[in-house]
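Asks: With the numbering used here, the residue at position 25 of the sequence shown is 25, and numbering never jumps.
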Amino acid sequence: AVDWSVLITIGCGLGIANAMTQSGAAHFVAQGLVGSVGHLGPIATLVAIYLLCLVMAETLHHNAAVAIMFPIALAASVQLGVDSQPFVMTVAIGSACAFAVPVSYQTHLIVYGAGGYRFRDFIRVGVPLDLICAAVALTAIPRIWPF
1 AVDWSVLITI
11 GCGLGIANAM
21 TQSGAAHFVA
31 QGLVGSVGHL
41 GPIATLVAIY
51 LLCLVMAETL
61 HHNAAVAIMF
71 PIALAASVQL
81 GVDSQPFVMT
91 VAIGSACAFA
101 VPVSYQTHLI
111 VYGAGGYRFR
121 DFIRVGVPLD
131 LICAAVALTA
141 IPRIWPF
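1) Using CA coordinates, which residue listed in P128, A57, S23 is at the minimum distance from T90?
2) Provide the residue span of the alpha helix (DSSP H) that contains A26, from first to last.
3) Determine the contact status of L33 and T45, defining contact as a CB-CB distance below 8 Å.
4) Please go through the same chain and pick out, in chain order, the residues whose beta-carbon is closer than 7 Å to the beta-carbon of V66, but skip the five residues on each side of it.
5) Here's the rule: buried if 16 or more other CB atoms are within 10 angstroms of the residue's CB, otherwise exposed. What is P42?
6) Assign I72 to buried or exposed, taking buried as 16 or more other Cβ atoms, counted over all protein chains shown, within 10 Å of its Cβ.
7) Select from A64, L60, A25, V103 the residue whose C-alpha is nearest the C-alpha of I10.
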């Protein structure tokens with residue numbers, strides 16, 4: 001069966017990403033991001049991008065988060081003058097590691113409904129898992145894909 005809501009979300013996310021790139025909004029957002037934390041180095045920018053991806057993935061669908069953050073991450077790496085690979089991987093991993101709320105992924109919603117869990121159960125278990133994933137990812141990414 002085709003999950004039309006996921007396909008529509010992906011399509012909308014790709015449309016937004018294309019619009020952000022074509023309009024210069026991705027460059028503008030990246031400029032603000034690099035202006036805020038870029039002076040601390042590329043790792044600080046990587047952390048900021050990871051956190052933005054995580055927040056977006058927790059509230060939107062992870063595919064939409066990737067589509068929206070990808071052009072921003074690319075523009076940030078260009079502005080910092082570093083390799084884009086760690087930024088791309090940060091977007092991919094940061095958007096995939098959303099465990100704190102049941103609406104972040106469809107299987108979370110299935111477990112949430114069928115298991116009789118409460119919203120705070122997801123927060124109680126998901127936030128520590130989000131933090132562990134962030135620590136591992138932000139330690140490993142710059143080592144595997146150097147700047």
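For every residue, glycine included, the Cβ atom is placed at its ideal position computed from N, Cα and C. All values derive from a computational prediction rather than experimental measurement.
Replies: Reading it off the structure:
1) If you number the sequence shown from 1, residue 90 lands on position 90. Of the candidates P128, A57, S23, the one whose C-alpha sits nearest the C-alpha of T90 is A57.
2) For the purposes of this step, residue 26 is taken as residue 26 along the sequence shown, with counting starting at 1. Segment 25-37, the alpha helix (DSSP H) holding A26.
3) Here residue 33 is taken as the residue at index 33 of the sequence shown, counted from 1. Here residue 45 is taken as the residue at index 45 of the sequence shown, counted from 1. Result yes, Cβ atoms of L33 and T45 sit closer than 8 Å.
4) Here residue 66 corresponds to residue number 66 of the sequence shown, with the count starting at 1. Closer than 7 Å at the Cβ level, and outside the excluded window around V66, lie V91, A92, S95.
5) One-based indexing of the sequence shown puts residue 42 at position 42. Answer is buried; the Cβ neighbour count reaches 16.
6) Numbered from its first residue, the sequence shown carries residue 72 at position 72. I72 sits buried, since 16 or more C-beta atoms from the chains shown fall within 10 Å of its C-beta.
7) As a working note, residue 10 is residue 10 in the sequence shown. That would be A64, whose Cα lies nearest to the Cα of I10.
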